[in-house]
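Following: one structure in structure tokens, then a few remarks.
In this note's numbering, the protein residues as written are 187 to 290.
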């Protein structure tokens, strides 16, 4: 059984007892959260419910494992003939969640 869930505007395919990394959520580690925006719910390869836009009565329960930062991305700006260059770094915040249950 798997589901496709819309979390913060991004869609993730989740399975039971799976750990996924998503963009940061405002929740404390160890806190349980529930996602009601289930786009697709499949019990097997041949049986699936597709929502319009969401599956009625379906939800996914998860637990926040940790918050962490991703790898550093370097941004380099350069303008020729003016001796202008600028380097900047960025690390995106992520949340690791564990899927506890798929209901529906």
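Every residue gets a Cβ at the ideal spot worked out from N, C-alpha and C, and that includes glycine.
Given residue i as reference, the closest of the options once Cα atoms are compared
i: residue 289; options: 242, 270, 272, 279; result: 242
i: residue 258; options: 199, 277, 198; result: 277
i: residue 205; options: 240, 269, 249, 255; result: 249
i: residue 221; options: 194, 235, 238, 236; result: 194
Proximity of residue i and residue j at Cβ, strictly below 8 Å
i: residue 218; j: residue 253; result: no
i: residue 225; j: residue 191; result: yes
i: residue 273; j: residue 260; result: yes
i: residue 285; j: residue 208; result: no
i: residue 228; j: residue 188; result: yes
i: residue 233; j: residue 255; result: no
i: residue 240; j: residue 214; result: no
Cβ-based burial, residue i [other Cβ within 10 Å; buried from 16]
i: residue 202; result: exposed
i: residue 270; result: exposed
Review point. Which whole runs of the beta strand (DSSP E) in the segment 194-234 are 3 residues long or more, in chain order?
Key: 196-201, 205-209, 218-221, 224-228
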